[in-house]
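The working numbering applies: residue 256 is where the sequence shown begins, and numbers increase by one.
Think of the CB as a built atom: it goes at the ideal place given N, C-alpha and C, for glycine as much as any other residue.
Note that this is a predicted model, so its numbers are computed, not measured.
One structure is given here, and the rest of the page talks about it.
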Amino acid sequence: SPLACAATAASAMAAPSRPFCRAVRLGLVEYRRAQELQRSLVAQRIEQRIPDTLLLLEHPPVYTLGKRREAAARNFLVAPDALRARGAQVEHCDRGGDVTYHAPGQLVAYPIVHLRELRPSGVRPFVEGLEDVMLRTAAHYGIKATGRRPDETGAWVGNKKLGAIGVRVDNRVTSHGLALNVRTDLSGFAHIVACGLAGRETTSLARELGLEGRPEAPAVEEVAGVLARHFGEYFGRDIVETDASEIYAECIGSGQPDEAAAADGRLSLESASS
């Protein structure tokens, strides 16, 4: 089907060797706003009106509970109201997984991609691919991280969690994605059992490099470029940097997707830990 955006189509024609994926740097975005953007983009991707799109952003402090809400609620060590009083948001969301924490200094990547057109294809290979993208990004900074741990999806340095994954799939189009701790203030994780995994620490690129709290620590904007490149290499996509204004214009023009229509063919990967 013809793609809606002429600017993106022109960019793709400049690099026709492989399918392309837009990479969009959004900066700091409120969690609810990011969910609205994803819902709109997913509806458009299902209808093949836009190409694959990788959103790269940060969130203000927010605790998010995935679809396992009762279990996730038990993994708060501090009452949600007390966390709100400290300035954090607490939000329910429609991804798979348990409770996790987002804050500035953490790189969040939300791929809005059609699984049918990816190689490897399928939900589980996609989740494993997101793991590998984080592992390759960590390796770029000299950090050896591992994945493929049974019931412990994500990127790990020993028993310390460096990056989390929680995805949703509607009509074979993905949303939500991964969160990689770059130079995050990790103290917010002390108020939850992150991803429902008791006894596991959380770490960041800055901490593993011995640069926590120092200006020499990698910047989120820099790591976003590295991660986008590895995403393209792993999934066989040419990455086309796209201005955020293009994405917002698409979403404003499309309106919000109809929830009942989007429900058809919906799948949430419950085993993908947040």
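Cβ-based burial, residue i [other Cβ within 10 Å; buried from 16]
{"i": "residue 426", "result": "buried"}
{"i": "residue 483", "result": "buried"}
{"i": "residue 507", "result": "exposed"}
{"i": "residue 275", "result": "buried"}
{"i": "residue 412", "result": "buried"}
{"i": "residue 375", "result": "exposed"}
{"i": "residue 477", "result": "exposed"}
{"i": "residue 492", "result": "buried"}
{"i": "residue 505", "result": "buried"}
{"i": "residue 469", "result": "exposed"}
Beta-carbon gap between residue i and residue j smaller than 9 Å
{"i": "residue 537", "j": "residue 347", "result": "Since the first and last residues shown for the chain are 256 and 529, residue 537 lies out of range."}
{"i": "residue 448", "j": "residue 369", "result": "no"}
{"i": "residue 360", "j": "residue 475", "result": "yes"}
{"i": "residue 497", "j": "residue 421", "result": "no"}
{"i": "residue 431", "j": "residue 293", "result": "yes"}
{"i": "residue 296", "j": "residue 479", "result": "no"}
{"i": "residue 392", "j": "residue 481", "result": "yes"}
{"i": "residue 388", "j": "residue 485", "result": "yes"}
Whole-angstrom distance between residue j and residue i, CA atom to CA atom
{"i": "residue 407", "j": "residue 457", "result": "13 Å"}
{"i": "residue 464", "j": "residue 318", "result": "26 Å"}
{"i": "residue 402", "j": "residue 353", "result": "18 Å"}
{"i": "residue 308", "j": "residue 409", "result": "21 Å"}
{"i": "residue 494", "j": "residue 277", "result": "6 Å"}
{"i": "residue 273", "j": "residue 490", "result": "10 Å"}
{"i": "residue 337", "j": "residue 443", "result": "13 Å"}
{"i": "residue 414", "j": "residue 304", "result": "42 Å"}
{"i": "residue 472", "j": "residue 461", "result": "5 Å"}
{"i": "residue 417", "j": "residue 302", "result": "35 Å"}
{"i": "residue 488", "j": "residue 340", "result": "43 Å"}
{"i": "residue 440", "j": "residue 378", "result": "31 Å"}
{"i": "residue 288", "j": "residue 281", "result": "11 Å"}
{"i": "residue 251", "j": "residue 445", "result": "In the structure displayed, the chain extends from 256 to 529; residue 251 sits before or after that span and is not available."}
{"i": "residue 306", "j": "residue 398", "result": "32 Å"}
{"i": "residue 394", "j": "residue 459", "result": "13 Å"}
{"i": "residue 364", "j": "residue 286", "result": "13 Å"}
{"i": "residue 404", "j": "residue 335", "result": "30 Å"}
{"i": "residue 291", "j": "residue 349", "result": "12 Å"}
{"i": "residue 467", "j": "residue 455", "result": "19 Å"}
{"i": "residue 419", "j": "residue 371", "result": "24 Å"}
Beta carbon proximity, residue i to chain C, threshold 9 Å
{"i": "residue 275", "result": "In the structure shown, chain C does not exist; there is a single protein chain."}
Proximal residues to residue i (C-beta, below 7 Å), its chain only, five neighbours per side dropped
{"i": "residue 514", "result": "With a pLDDT of only 37 at residue 514, under 50, the local geometry of the prediction cannot be trusted, and the value read off the model is given with reservation. Excluding positions up to five away in sequence, the list is empty."}
{"i": "residue 373", "result": "381 and 490"}
{"i": "residue 330", "result": "353, 354, 447, 448 and 451"}
{"i": "residue 396", "result": "460, 464 and 473"}
Sequence-distant residues of the same chain with beta carbon closer than 6 Å to residue i, five excluded per side
{"i": "residue 268", "result": "With a pLDDT of only 42 at residue 268, under the threshold of 50, the placement of this residue in the model should not be trusted, and no figure is reported."}
{"i": "residue 366", "result": "309, 429 and 432"}
{"i": "residue 283", "result": "313"}
Beta-carbon contacts of residue i that lie in its chain and below 8 Å, excluding the five residues immediately before and after
{"i": "residue 390", "result": "400, 401, 402 and 410"}
Notebook entry, point to check: Below 8 Å, can you find three or more Cβ-Cβ pairs linking the region 432–443 to the region 494–509?
Noted result: no
Check: Counting pairs of Cβ atoms below 8 Å between the region 383–396 and the region 300–313, do you hit three or more?
Finding: no
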